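Residue numbers (our numbering), protein chains in the order written: chain A, 4 to 191; chain B, -9 to 170.
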């Protein structure tokens, strides 16, 4: 029960402070994995992947998945509901004074200042996920050889993927499916 | 048919048929909410989007809540929000439960190791796109870098940074007003 309440509290905090939609929740989830050790960075990468290739908003899918991994089905439902409750309350209060809110100088200023910062938050989380996917700190620290720092197969796939994503604008599921097949065939 | 049920059903449909959330669900919202149900006009929908982006939380949920509230006040807002999150809960829980018993297999581990690399590459592109939209000048770039450094190297809490920025913005506006 304590764990469930803590889970709900953590997700309510994300719902209240993550401004900028789904991707803005990723740094908070990363922070959660670091602080509470409910799941690893690799688990987080898997959960983002599954959330991206299933229907529904990314942020909601991730909340359900993280909640499930922490406390089963009930955890999944609790985390998702907790994530949306703060916005529900905020939006209902704003709706009553919509026209005033729309052109409020404070809100406009806050949002203008927050936007570039949110990019910084996300860069930091994505970099960590990147490092855990294509680098191997542990064996680098052990051997001290630069050659051991990178997982070369993964690095190569990353460069190839980046190239193809920029060149062809296919749906992300296409790239995820290709990477899955490469991962199995070349035994990542 | 009950109005709340119609709201729930419409957003359930949108939740099930869109991948990714945010702006990717705009076309689906347009066909369901504007053309089929005539709940809002295109201008209103874009207004809700703009506001959904600068209010906390998931943008798709915020838009659903705005539309639900406009139709049927607080209960309508709750019905639309529930409609929007139910498909995700059902789908993700089924996948999570199904995957659990296969996760330890080597082949599944390899598949996910590959998938994680693709996700990195996709996230990398989203970051570039977000950067282009969100960073308009040198000040923005400095703010972005400072936040990155504070989080990655000094492990400052995200919430502390968000609260400081909100306070800073309020002080700035107050100062501007005072001088005027």
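Note that the Cβ used here is the ideal one computed from N, Cα and C, for glycine as well. Just so it is clear, the structure is predicted and the values come from calculations on it, not from any experiment.
Cβ distance (whole Å) where residue i is taken to contact residue j below 8 Å
{"i": "residue 82 (chain B)", "j": "residue 33 (chain A)", "result": "No, residue 82 (chain B) and residue 33 (chain A) are not in contact; Cβ-Cβ is about 19 Å, not under 8 Å."}
{"i": "residue 104 (chain B)", "j": "residue 182 (chain A)", "result": "4 Å"}
{"i": "residue 124 (chain A)", "j": "residue 137 (chain B)", "result": "6 Å"}
{"i": "residue 210 (chain B)", "j": "residue 139 (chain B)", "result": "In the structure as shown, chain B starts at -9 and stops at 170, and residue 210 (chain B) therefore has no counterpart that could be examined."}
{"i": "residue 168 (chain A)", "j": "residue 115 (chain B)", "result": "5 Å"}
{"i": "residue 10 (chain A)", "j": "residue 70 (chain A)", "result": "6 Å"}
{"i": "residue 24 (chain B)", "j": "residue 31 (chain B)", "result": "7 Å"}
{"i": "residue 162 (chain A)", "j": "residue 45 (chain B)", "result": "Wrong, their Cβ atoms sit about 38 Å apart, outside the cutoff."}
Check whether residue i and residue j have beta carbons under 7 Å apart
{"i": "residue -3 (chain B)", "j": "residue 66 (chain B)", "result": "yes"}
{"i": "residue 30 (chain A)", "j": "residue 128 (chain A)", "result": "yes"}
{"i": "residue 134 (chain B)", "j": "residue 26 (chain A)", "result": "no"}
{"i": "residue 40 (chain A)", "j": "residue 66 (chain A)", "result": "no"}
{"i": "residue 156 (chain B)", "j": "residue 93 (chain A)", "result": "no"}
{"i": "residue 110 (chain A)", "j": "residue 64 (chain B)", "result": "no"}
{"i": "residue 51 (chain A)", "j": "residue 109 (chain B)", "result": "yes"}
{"i": "residue 191 (chain A)", "j": "residue 100 (chain B)", "result": "yes"}
{"i": "residue 28 (chain A)", "j": "residue 44 (chain A)", "result": "no"}
{"i": "residue 76 (chain B)", "j": "residue 91 (chain A)", "result": "no"}
{"i": "residue 117 (chain B)", "j": "residue 126 (chain A)", "result": "yes"}
{"i": "residue 107 (chain B)", "j": "residue 160 (chain A)", "result": "yes"}
{"i": "residue 163 (chain B)", "j": "residue 108 (chain A)", "result": "yes"}
Residue from the options with nearest C-alpha to residue i
{"i": "residue 19 (chain A)", "options": "A:100, A:87, A:166 and A:145", "result": "A:87"}
{"i": "residue 87 (chain B)", "options": "A:159, A:48 and A:72", "result": "A:72"}
{"i": "residue 47 (chain B)", "options": "A:24, A:11, A:142 and A:80", "result": "A:24"}
{"i": "residue 62 (chain B)", "options": "B:138, B:-6 and B:161", "result": "B:-6"}
{"i": "residue 9 (chain B)", "options": "A:190, A:176, A:89 and A:185", "result": "A:176"}
{"i": "residue 173 (chain A)", "options": "B:112, B:118 and B:153", "result": "B:112"}
{"i": "residue 102 (chain A)", "options": "B:24, B:154 and B:38", "result": "B:38"}
{"i": "residue 5 (chain A)", "options": "A:187, A:78, A:28 and A:45", "result": "A:78"}
{"i": "residue 127 (chain B)", "options": "A:97, A:116, A:42 and A:99", "result": "A:116"}
{"i": "residue 85 (chain A)", "options": "A:159, A:15, A:164 and A:161", "result": "A:15"}
{"i": "residue 120 (chain B)", "options": "A:122, A:37 and A:143", "result": "A:122"}
{"i": "residue 38 (chain A)", "options": "B:150, B:79, B:165 and B:145", "result": "B:145"}
{"i": "residue 43 (chain B)", "options": "B:-1, B:7, B:21 and B:123", "result": "B:123"}
{"i": "residue 106 (chain A)", "options": "B:92, B:41, B:-1 and B:143", "result": "B:41"}
{"i": "residue 84 (chain B)", "options": "A:104, A:75 and A:99", "result": "A:75"}
{"i": "residue 27 (chain B)", "options": "B:14, B:36 and B:-1", "result": "B:-1"}
{"i": "residue 46 (chain A)", "options": "B:90, B:165 and B:161", "result": "B:90"}
Residues near residue i in its chain [Cβ-Cβ closer than 7 Å; skip 5 each side]
{"i": "residue 64 (chain A)", "result": "54 and 57"}
{"i": "residue 13 (chain A)", "result": "35"}
{"i": "residue 136 (chain A)", "result": "48 and 157"}
{"i": "residue 164 (chain A)", "result": "178 and 182"}
{"i": "residue 33 (chain B)", "result": "none"}
{"i": "residue 175 (chain B)", "result": "For residue 175 (chain B) there is no data in the structure shown, the boundaries of chain B being -9 and 170."}
{"i": "residue 78 (chain B)", "result": "5"}
Other residues of its chain near residue i: CB distance less than 8 Å, five sequence neighbours each side excluded
{"i": "residue 74 (chain B)", "result": "1, 2, 4, 5, 50, 51 and 54"}
{"i": "residue 148 (chain B)", "result": "141"}
{"i": "residue 189 (chain A)", "result": "156"}
{"i": "residue 68 (chain B)", "result": "58"}
{"i": "residue 29 (chain B)", "result": "23, 57, 60 and 61"}
{"i": "residue 143 (chain A)", "result": "149, 151 and 152"}
Proximal chain A residues relative to residue i, where beta-carbon distance stays under 8 Å
{"i": "residue 37 (chain B)", "result": "105"}
{"i": "residue 68 (chain B)", "result": "91"}
{"i": "residue 7 (chain B)", "result": "58"}
{"i": "residue 59 (chain B)", "result": "94, 95 and 98"}
{"i": "residue 144 (chain B)", "result": "Chain A residues near residue 144 (chain B): none, gap ~11 Å exceeds 8 Å."}
Beta-carbon neighbours of residue i, restricted to chain A and to distances below 7 Å
{"i": "residue 130 (chain B)", "result": "119"}
{"i": "residue 97 (chain B)", "result": "187"}
Partner residues on chain A for residue i, Cβ-Cβ distance less than 9 Å
{"i": "residue 2 (chain B)", "result": "Neighbours of residue 2 (chain B) on chain A: none; closest Cβ ~10 Å, over 9 Å."}
Interface residues of chain B facing residue i [CB-CB closer than 7 Å]
{"i": "residue 64 (chain A)", "result": "78 and 82"}
{"i": "residue 182 (chain A)", "result": "104, 105, 107 and 108"}
{"i": "residue 191 (chain A)", "result": "100, 103 and 104"}
{"i": "residue 16 (chain A)", "result": "149"}
{"i": "residue 164 (chain A)", "result": "107, 108 and 111"}
Chain-ordered chain B contacts of residue i [CB-CB under 9 Å]
{"i": "residue 90 (chain A)", "result": "42, 45, 46, 47, 48, 51, 52, 55 and 71"}
{"i": "residue 160 (chain A)", "result": "104, 107, 108 and 111"}
Residues that residue i contacts on chain B, provided the C-beta gap is smaller than 8 Å
{"i": "residue 148 (chain A)", "result": "None at all; the shortest Cβ gap to chain B is about 22 Å."}
Close Cβ partners of residue i (< 6 Å) along its chain, the five nearest in sequence each way excluded
{"i": "residue 129 (chain B)", "result": "none"}
{"i": "residue 139 (chain A)", "result": "154"}
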